[in-house]
Amino acid sequence: MLNEVNKSIMKGIATINFKGGVGKTTITWLLARYASEKRGKKILLIDTDAQMSLTTAAMAQKPFDLLVRDWYKDKHKGSAYTIANLIKSYSTNENKIQLLDPRSLIYPLTPSLSLIPSTEEMYGLEYNLEYQRNKYFFRDLIKKIGRKKTYDYIFFDCSPNFSPISCSVLNYASLYLVPVNPDPFGRLALKTMTNVLSKKIDQIKKKKFGVFMNKVNYFRNKPDRQASDNWTSLKAFKDYPKDIAIEFWNANIPDRAVIPRSIMSPTLLEAKNADPKIQSSINKLWDQLSGGASTDD
Ligand SMILES: Nc1ncnc2c1ncn2[C@@H]1O[C@H](COP(=O)(O)OP(=O)(O)OP(=O)(O)O)[C@@H](O)[C@H]1O
Ligand SMILES: [Mg+2]
40 MLNEVNKSIM
50 KGIATINFKG
60 GVGKTTITWL
70 LARYASEKRG
80 KKILLIDTDA
90 QMSLTTAAMA
100 QKPFDLLVRD
110 WYKDKHKGSA
120 YTIANLIKSY
130 STNENKIQLL
140 DPRSLIYPLT
150 PSLSLIPSTE
160 EMYGLEYNLE
170 YQRNKYFFRD
180 LIKKIGRKKT
190 YDYIFFDCSP
200 NFSPISCSVL
210 NYASLYLVPV
220 NPDPFGRLAL
230 KTMTNVLSKK
240 IDQIKKKKFG
250 VFMNKVNYFR
260 NKPDRQASDN
270 WTSLKAFKDY
280 PKDIAIEFWN
290 ANIPDRAVIP
300 RSIMSPTLLE
310 AKNADPKIQS
320 SINKLWDQLS
330 GGASTDD
């Protein structure tokens, strides 16, 4: 029996997999745009990865590219109001969020989609922080931002490793979105990650893991043999830690070259000849994560 997650607090969503390159950033970006554009939700995106992939995607969006770049260079990095500096000051100043107004970290991309960008300074930070000292950083930051009044969902893009920064994200978020690829390593990666998190994250019993496949090849309109075999073995595996709630969602995001291209030109996915499977799988994933549809079993 899965534990019940209170929907009213299921608003912080972390995309996580310790395995790199599975599509965390891509899915976070597609979902956030989908939720804000198609479902009328107010979304805050937080890039916590020093690779800055999500930040780069946001900066590439027309017609915002120049505006975001200017803001990023002058107001954000120029004024030193960056998430990295805030984390640094939090860890040295009795865990206080020192900025007068943390909203100055936030760049509005559209009226319903905003971003807290990452900076490359996050790289050095990860190695100098203490887990215990920083574990409630994001909880305290969001409290200060006043998320209840402002956003329906906060999406965090995490790096592919377990650092004090991702630990702090995971202590705050109540839903972990876990993309896996249909390859034989997915199951081991999921087992390892759930084992680590069940030991390191507070109140892990109250969190929900939503696992789904990304980069699925289709044959006759269904996931091909490799994808369906991997999915079956992922679901049948019995040795995930007992105290965590995992749901397996059959959204099956297809492997399509247009998906990477759409990061730079989002309208590609909406073109008349675009593959309807992409939209329908994102739609399904949204229904599953927002609690509007049943899980795979
Ligand atoms: N459904 C898809 N179809 C085709 N290509 C995809 C799909 N999803 C992701 N990709 C591509 O796979 C690569 C890795 O994706 P992405 O950067 O989103 O992964 P990630 O898990 O965030 O990586 P990292 O662990 O480095 O943060 C990128 O080139 C991306 O464009
Ligand atoms: Mg990424």
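In this text, residue positions in the sequence shown follow my numbering: the first is 40, and each later residue adds one. Glycine included, each C-beta is placed from N, C-alpha and C at the ideal position. Predicted model only: the values in this text are computed from it and were never measured.
Of the candidates T189, Y170, E165, V255, T189 places its Cα closest to the Cα of I145.
For L216, the enclosing beta strand (DSSP E) covers residues 214-219. Contact check for L168 against I126 passes: the beta carbons are separated by less than 9 Å. Not a single heavy atom of ligand 2 lies less than 8 Å from the C-beta of P293. In this structure, the straight-line span from the alpha carbon of G249 to that of I240 is close to 17 Å.
Using a Cβ-Cβ distance cut-off of 8 Å, the stretch 277-293 and the stretch 218-234 are in contact, since at least three pairs of beta carbons, one from each stretch, lie closer than that value. Ligand 2 has no heavy atom closer than 8 Å to the beta-carbon of L69.
Residues of the same chain with a CB within less than 7 Å of the CB of Y211, apart from the 5 flanking positions on each side, are G51, F177, R178, I181 in chain order. Annotation for R300: L307 place their beta carbon closer than 7 Å to its own, counting only its chain and skipping 5 residues before and after. Beta-bridge partners of P147 (DSSP): S153. Sorting S153, K80, A296, A89 by C-alpha distance to the C-alpha of V107 places S153 at the top. One thing to note: A71 has its Cβ within 9 Å of the Cβ of Y192. Here M252 carries a strand assignment [DSSP, helix/strand/coil]. Cβ contact annotation for F194 (same chain, cutoff 6 Å, sequence separation greater than five): I52, T67, A71, L84, in chain order. Spatial neighbours of I243 in its own chain (CB-CB distance under 7 Å, excluding positions within 5 residues in sequence) are listed in chain order as L236, S237, D282, I283. In chain order, I52, L70, L214, L216, G249, W288 place their CB closer than 8 Å to the CB of L328, counting only its own chain and leaving out the 5 sequence neighbours on each side. As computed with DSSP, Y257 is found in a beta bridge with P262.
A direct Cα-Cα distance of roughly 20 Å separates G330 from K274. The Cβ atoms of T94 and I302 do not sit closer than 9 Å to each other.
In this structure T131 is exposed. Its beta-carbon is surrounded by fewer than 16 other beta-carbon atoms within 10 angstroms. Considering only T54, T271, Y111, Y257, the residue with the shortest C-alpha distance to D314 is Y257. The bridge partners DSSP lists for T54 are D196, L216. Proximity of the beta carbon of L83 to ligand 2 is not indicated: no heavy atom of the ligand is located closer than 8 Å. E159 and A89 do touch by the CB rule: their CB atoms are close to 6 Å apart, below 8 Å. Nearest neighbour of K174 by Cα position, chosen from S151, T149, P203, turns out to be P203. Proximity of the beta carbon of T158 to ligand 2 is not indicated: no heavy atom of the ligand is located closer than 8 Å.
Residue pairing for K247: DSSP places it in a beta bridge opposite L214, A284. Here DSSP, grouped into helix, strand and coil, assigns P293 to strand. Only residues of its own chain outside the window of five on either side were considered, and among them L83, L84, I85, D86, I122, L144, I145, Y146 have a CB closer than 8 Å to the CB of I155, listed in chain order. Put simply, the backbone Cα of D326 is about 10 Å away from that of A74.
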